[in-house]
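Undergrad: Going by numbering that gives the first Met the number 0, the sequence shown opens with residue 0, and the numbers climb by one from there.
Got a structure here, written out as structure tokens. Questions coming.
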Amino acid sequence: MLLRNLTKPPWNQSHKNVCFRLAGNRAGKDAHQLAAGCEDIIINSTHAQSLLVPSGFAKLPLSKKNIPSHDLQALFDLCNARYFDGALVPSPGFELRFSRAVKLFGSFRFSLETHEDWEITVAGRLRDHPFAALNTMVHEMIHMLAHQKFRESGDSFYLDEEALPGQPFVNAGHGAFFLAEQARLNQCFPEMKIDVKSEFGDGLYELDKIKPVRLLLVSVDLNVGRGMIYRLHDKARNDWEALRATAQLMHGEAIDALQLVEVAGQLGEGYPSLKKDNQVRKNMVPVGLRGYAGKVADLLADAATRILPEPATVTRLPARTLSRRGRAGEAVPAPGTAHVA
Numbered sequence: 000m001l002l003r004n005l006t007k008p009p010w011n012q013s014h015k016n017v018c019f020r021l022a023g024n025r026a027g028k029d030a031h032q033l034a035a036g037c038e039d040i041i042i043n044s045t046h047a048q049s050l051l052v053p054s055g056f057a058k059l060p061l062s063k064k065n066i067p068s069h070d071l072q073a074l075f076d077l078c079n080a081r082y083f084d085g086a087l088v089p090s091p092g093f094e095l096r097f098s099r100a101v102k103l104f105g106s107f108r109f110s111l112e113t114h115e116d117w118e119i120t121v122a123g124r125l126r127d128h129p130f131a132a133l134n135t136m137v138h139e140m141i142h143m144l145a146h147q148k149f150r151e152s153g154d155s156f157y158l159d160e161e162a163l164p165g166q167p168f169v170n171a172g173h174g175a176f177f178l179a180e181q182a183r184l185n186q187c188f189p190e191m192k193i194d195v196k197s198e199f200g201d202g203l204y205e206l207d208k209i210k211p212v213r214l215l216l217v218s219v220d221l222n223v224g225r226g227m228i229y230r231l232h233d234k235a236r237n238d239w240e241a242l243r244a245t246a247q248l249m250h251g252e253a254i255d256a257l258q259l260v261e262v263a264g265q266l267g268e269g270y271p272s273l274k275k276d277n278q279v280r281k282n283m284v285p286v287g288l289r290g291y292a293g294k295v296a297d298l299l300a301d302a303a304t305r306i307l308p309e310p311a312t313v314t315r316l317p318a319r320t321l322s323r324r325g326r327a328g329e330a331v332p333a334p335g336t337a338h339v340a
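Here you go:
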């Protein structure tokens with residue numbers, strides 16, 4: 000069965016909300032029965048009581064000034080006390096560190112043999128985004144809690160390794176236990192917006208602290224909307240000759256159009272990055288971007304987007320010896336005068 004009957008605890012509205020979120024569309028009519036009576040829950044009864052929301056447990060939201068996003072140990076201690084009642088006991092040698100990762104905001108590493116904790120990393124660029132750093136740390140701490148509970152009980156339920164009959168499951172590590180903890184924390188704490196996958200620049204970020212980025216739009220075939228988008232290195236020059244050579248190297252000589260734009264930083268996420276000299280990175284392969292035309296339209300429609308035009312071609316005219324008077328009605332260029340084509 001999808002829902003397991005429990006002994007009747009003192010249900011309150013918080014319990015009902017969590018049950019309803021856990022059940023969602025998976026339970027159909029049963030989800031509404033859960034919200035109404037809430038005498039069942041979508042997890043095995045042997046794990047249920049530790050996941051329920053105590054009455055009146057919700058706390059006032061944290062101010063970003065009170066989130067030590069530049070000090071991971073202080074952040075870990077705050078999260079352990081506030082969200083887990085100090086239940087997390089790190090294994091010997093456990094470390095916290097900032098990473099240089101761009102695509103991965105956080106990670107939890109552990110021993111495959113003993114399931115002891117090795118490390119939690121948080122992307123260094125989250126230092127300037129307190130709520131994003133907080134939610135990322137708590138996300139990884141849920142994984143840490145799962146392995147601690149497995150070490151204590153030997154029950155593989157906590158590891159969320161695979162889908163279980165009648166239980167919610169997104170992917171390995173994000174199954175019934177993780178999703179129940181996620182729902183509990185999001186329900187109880189206003190600052191919590193934990194998700195299985197988050198997006199850089201969402202509501203947790205300080206948008207004014209995200210620097211704009213430059214993107215190279217390579218339109219391979221305008222007729223069918225085929226092309227690719229590349230992100231420039233922050234310190235790269237707007238070297239059109241190098242950019243054109245890179246585009247032709249990746250997509251051939253017959254390119255319909257190149258465009259260089261500056262966009263809000265959060266809009267530049269997820270695109271392959273060129274090196275500082277505007278060359279391709281090792282092992283970068285030529286591919287087309289699915290939905291290229293629509294993505295370009297969205298980028299150009301954003302109010303913060305600036306088009307960076309290719310400078311006009313400048314050539315040098317050879318020095319010539321002309322009469323200082325020249326022909327009638329014609330100016331006489333001085334030797335070496337620049338000419339804009």
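Using N, Cα and C, we set each Cβ at its ideal position, and we do this for glycine too.
Can you tell me whether N134 is buried or exposed? The criterion is at least 16 other CB atoms within 10 Å of its CB, across all chains shown.
TA: Buried, since its Cβ has 16 or more Cβ neighbours within 10 Å.
Undergrad: Could you pull the start and end residues of the alpha helix (DSSP H) that S152 belongs to?
TA: Where S152 is concerned, the enclosing alpha helix (DSSP H) stretches over P129 to S152.
Undergrad: Within the region 190-262, note down every full alpha helix (DSSP H) run reaching 4 residues or more, in order along the chain.
TA: Counting whole runs of 4 or more residues, the region 190-262 contains the alpha helix (DSSP H) stretches 239-250.
Undergrad: Can you find the residues in the same chain that come closer than 6 Å, C-beta to C-beta, to R96, ignoring five residues on each side of it along the sequence?
TA: Once the five neighbours on either side are set aside, the close Cβ partners of R96 are T120.
Undergrad: In angstroms with no decimal places, state the Cα-to-Cα distance between G92 and A131.
TA: Each residue's Cα considered, the two are about 26 Å apart.
Undergrad: Looking at the structure shown, is G287 part of a helix, part of a strand, or coil, going by DSSP?
TA: Three-state DSSP puts G287 in coil, outside helix and strand.
Undergrad: At the level of alpha carbons, what is the spacing between A145 and Y229?
TA: Approximately 39 Å between the Cα atoms of the pair.
Undergrad: Once the 5 residues before and after F104 are set aside, which same chain residues still bring their CB inside 6 Å of it?
TA: A122 and T135.
Undergrad: Within 10 Å of its beta-carbon, does V284 have 16 or more other beta-carbons around it, so buried, or fewer, so exposed?
TA: So V284 counts as exposed.
Undergrad: Going by DSSP, what residue range makes up the alpha helix (DSSP H) through L273?
TA: Note, L273: premise wrong, no alpha helix (DSSP H); not H, not E.
Undergrad: Out of G269, L231 and E261, which one is the CA nearest neighbour of V279?
TA: When only C-alpha atoms are compared, the closest one is L231.
Undergrad: When the distance is taken between beta carbons, is A235 closer than 9 Å to K275?
TA: Cβ distance < 9 Å, so K275 and A235 count as in contact.
Undergrad: For L216, is the classification buried or exposed, using 16 other Cβ atoms within 10 angstroms of its Cβ as the cut-off for buried?
TA: Label assigned to L216: buried.
Undergrad: First and last residue of the beta strand (DSSP E) that includes F107?
TA: F107 -> beta strand (DSSP E) spans G105 to F109.
Undergrad: Compute the Euclidean distance between the alpha carbons of V260 and E268, then round it to the nearest angstrom.
TA: Distance between the alpha carbons of V260 and E268: 14 Å.
Undergrad: Going by C-alpha to C-alpha distance, which of R213, Q186, N185 and Q181 sits closest to L273?
TA: Cα-wise, what sits closest to L273 is R213.
Undergrad: Beta-carbon within less than 6 Å of V195's beta-carbon, same chain only, minus the 5 sequence neighbours each way: which residues are those?
TA: So the list reads V169 and H173, once near-sequence residues are dropped.
Undergrad: Give the secondary structure of R305 by DSSP, where H, G and I count as helix, E and B as strand, and everything else as coil.
TA: If DSSP states are grouped into helix, strand and coil, R305 belongs with the strands.
Undergrad: Have a look at H222 and D255 and give me their C-alpha separation to the nearest angstrom.
TA: Note on residue identity: the sequence assigns Asn, not His, to residue 222. Cα-Cα distance, rounded: 9 Å.
Undergrad: How should A175 be labelled, buried or exposed, when 16 other C-beta atoms within 10 angstroms of its C-beta is the threshold for buried?
TA: That one is buried.
Undergrad: According to DSSP, is F188 helix, strand or coil?
TA: Looking at F188 - three-state DSSP - the assignment turns out to be coil, as it is neither helix nor strand.
Undergrad: The beta strand (DSSP E) that contains L77, what's its start and end?
TA: No beta strand (DSSP E) contains L77, which is instead part of the alpha helix (DSSP H) from L71 to F83.
Undergrad: If you draw a straight line from the C-alpha of G165 to the C-alpha of G251, how long is it?
TA: Roughly 51 Å separates the two Cα atoms.
Undergrad: Alpha carbon to alpha carbon, what distance is there between K192 and Q258?
TA: Q258 and K192: Cα-Cα distance of roughly 37 Å.
Undergrad: Going by other Cβ atoms of all chains shown within 10 Å of its Cβ, with 16 needed for buried, is S155 buried or exposed?
TA: Exposed.
Undergrad: Measuring alpha carbon to alpha carbon, tell me which residue in L111, F75 and L71 is nearest R124.
TA: When each option's Cα is compared against that of R124, the closest is L71.
Undergrad: Using DSSP with H/G/I as helix, E/B as strand and the rest coil, what is R341?
TA: In the structure displayed, the chain extends from 0 to 340; residue 341 sits before or after that span and is not available.
Undergrad: Compare the beta carbon distance of I141 and L77 with 9 Å and say whether it is the shorter of the two.
TA: The answer is no: Cβ separation not under 9 Å.
Undergrad: Among V286, K148 and V262, which residue has its Cα nearest to the Cα of P271?
TA: For P271, the nearest C-alpha among the options comes from V286.
Undergrad: Between which two residues does the beta strand (DSSP E) containing L95 stretch?
TA: E94 to S98 is the span of the beta strand (DSSP E), which, as asked, contains L95.
Undergrad: Measure the Cβ-Cβ separation of E345 and S90 and say whether it is below 9 Å.
TA: Shown here, the chain extends from 0 to 340; a query on residue 345 therefore has no answer.
Undergrad: Secondary structure at L299, three-state DSSP: helix, strand or coil?
TA: Of the three classes helix, strand and coil, the one that applies to L299 here is helix, per DSSP.
Undergrad: From the DSSP output, which residues share a beta bridge with H114?
TA: Answer by DSSP bridge pairing: none, since H114 is not bridged.
Undergrad: Cutting at 8 Å between CB atoms, please list the residues of its own chain near V137, excluding the five before and the five after it.
TA: Correct list, in chain order: C78, Y82, L184, M191 and I193.
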